[in-house]
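Novice: For the sequence shown, position 68 (counting from the first letter as 1) is numbered 68 according to full-length UniProt numbering, and the numbering increases by one without interruption.
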Amino acid sequence: MKIQTRAEVLELLSLPDEEFHSAVTPEAKRTHIEHGGAVTASAMLGYSNICKNQCLYCGMRAGNSALPRYRLDPQEVCSMMDTAREMGLSRLFLVSGEDPKYGFENILRLVEGAKERGFRVSLAVGELPDDHYRALRDAGADEFVLKFEMSQREVFNRLNPSTDFDRRMACIRAIQSSGMALASGNIVGYPGQTLEMLADDILLMRELGISWAPIIPYMPAAGTPLAAEGGPGSIEWNLREISLLRLMMPHIDITAQQPGENRGEGLAGVSGNLAALEAGANLLFVDLLPSALAKNFRVVDERMIKGLAHIRHVAQLAGLAFCVPGGSGREEDRGNCNETKD
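Here is the structure:
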């Protein structure tokens, strides 16, 4: 199934549910299987929930005074990396709010420490000067995650008052120029979003040549201005986006850590993760934070993530292999399945 134009994307997004799930969803899963077909596991480590920004939808926004804050020093982070290696994990996602006091030298130390331990490193620390992206690549970072969030300039500028769309896209281009792979994507189903806007987001991901689509539906976070404007984003829209992304970009990683209809299960419910795998997603996470801290890395509410036993279980239910790649996680690396320990 070839999808080339905006009109084709919109047509598929607009199909009746039964027609989409009988024709498009199975084709997306088949495409995933034809290009490796593994469920990929990555360690995830949110080392600081301090952020200087005031994004209207994010639970870690600077203005959320109700959120207990924490910051892990590099030694603590490296100790958690050792735990991940003992589990057999070889891919690491380091993520933080835009914490102005963490220090860029400390971020470089984290990347270097991860590479010394043999990890493939993805990093999400926000907007940086161009030379910082190059320095991260020189330190060994493989992939940088910076979401464009929404492709409409005026909407982005309203919901992200601490920056603007042109600045965000300039940083995305700088990441690409640095030599790191670019992971980027959108928020699905936030208040006011239309299918036409969603189609534009999907096409922008293809235009950018992303390596990973870190997408989730909009999940209102307590204490944020946008939470007052509407409820959670459509899970159906999110699953459709996953399928279209898989068909349009067969080799990329797509987040399978998705909510199901039982919103109380957060991102860790079997039904939500399984539905995402059936739609063509592949990437699930093991949170390295202790539960006392994990509950406060609250980009969204109910951000619960389970461990390797859960990932194996949902992979089995989906009829997919479970792999811990030593490389990029793309087609050429997904055959390298390593043993892991729960």
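Idealized CB from N, CA, C, for every residue including glycine.
These numbers come from a predicted model, not from an experiment.
Using 8 Å as the limit for Cβ to Cβ distance, is Ala292 near chain C?
Specialist: Of the protein chains in this structure there is only one, and it is not chain C.
Novice: With DSSP run on the structure shown, which of helix, strand or coil describes Asp142?
Specialist: In the sequence shown, residue 142 corresponds to position 142, counting from 1. Of the three classes helix, strand and coil, the one that applies to Asp142 here is coil, per DSSP.
Novice: Quick check on DSSP: helix, strand or coil for Asn157?
Specialist: Start at 1 with the first residue of the sequence shown, and residue 157 comes out as number 157. Of the three classes helix, strand and coil, the one that applies to Asn157 here is helix, per DSSP.
Novice: Using the rule of at least 16 other Cβ atoms within 10 Å of the residue's Cβ for burial, across every protein chain shown, is Asn160 buried or exposed?
Specialist: Against the sequence shown, residue 160 aligns to sequence position 160. Label assigned to Asn160: buried.
Novice: Relative to the C-alpha of Gly126, which candidate in Phe20, Leu244 and Ile50 has its C-alpha closest?
Specialist: Along the sequence shown, one-based indexing puts residue 126 at 126. Of the candidates Phe20, Leu244 and Ile50, the one whose C-alpha sits nearest the C-alpha of Gly126 is Ile50.
Novice: Quick one: Cα of Lys52 to Cα of Gly272, how far?
Specialist: As a working note, residue 52 is residue 52 in the sequence shown. As a working note, residue 272 is residue 272 in the sequence shown. Those two C-alpha atoms are separated by around 32 Å.
Novice: From the DSSP secondary-structure annotation, give me the bridge partner or partners of residue 361.
Specialist: Limits of the chain in this structure are 1 at one end and 342 at the other, which puts residue 361 out of reach.
Novice: Just the Cα atoms here: how many angstroms apart are Leu293 and Ser48?
Specialist: The residue you call residue 293 lines up with position 293 of the sequence shown. The residue you call residue 48 lines up with position 48 of the sequence shown. Straight-line Cα distance between these residues: approximately 10 Å.
Novice: Whole angstroms are fine: how far does the CA of Ile311 sit from the CA of Glu265?
Specialist: The residue given as residue 265 occupies position 265 in the sequence shown. The residue given as residue 311 occupies position 311 in the sequence shown. Cα-Cα distance, rounded: 15 Å.
Novice: So if DSSP puts Pro26 in a beta bridge, which residue, or which two residues, is it bridged to?
Specialist: The residue labelled residue 26 in the question sits at position 26 within the sequence shown. Its beta-bridge partners do not exist; DSSP assigns none.
Novice: Please state the DSSP three-state secondary structure of Thr255.
Specialist: For this step, residue 255 is matched to residue 255 along the sequence shown. Looking at Thr255 - three-state DSSP - the assignment turns out to be strand.
Novice: Within 10 angstroms of the Cβ of Gly335, are there 16 or more other Cβ atoms? Answer buried if so, exposed if not.
Specialist: On the sequence shown, position 335 is the one that residue 335 refers to. Any reading at Gly335 must be qualified, since the residue scores a pLDDT of 40, below 50, and its modelled position is unreliable; the value itself is stated next. Under this definition Gly335 is an exposed residue.
Novice: Hey, Leu45 and Met80 are a contact pair by Cβ (cut 8 Å); roughly how many whole angstroms apart?
Specialist: Taking the sequence shown and counting its residues from 1, one reaches residue 45 at position 45. Taking the sequence shown and counting its residues from 1, one reaches residue 80 at position 80. About 6 Å separates the two Cβ atoms, so the contact holds.
Novice: Decide if Gln316 is buried, meaning its Cβ has at least 16 other Cβ atoms within 10 Å, or exposed.
Specialist: As a first step, residue 316 is located in the sequence shown; it is residue number 316 there, counting from the start. Label assigned to Gln316: exposed.
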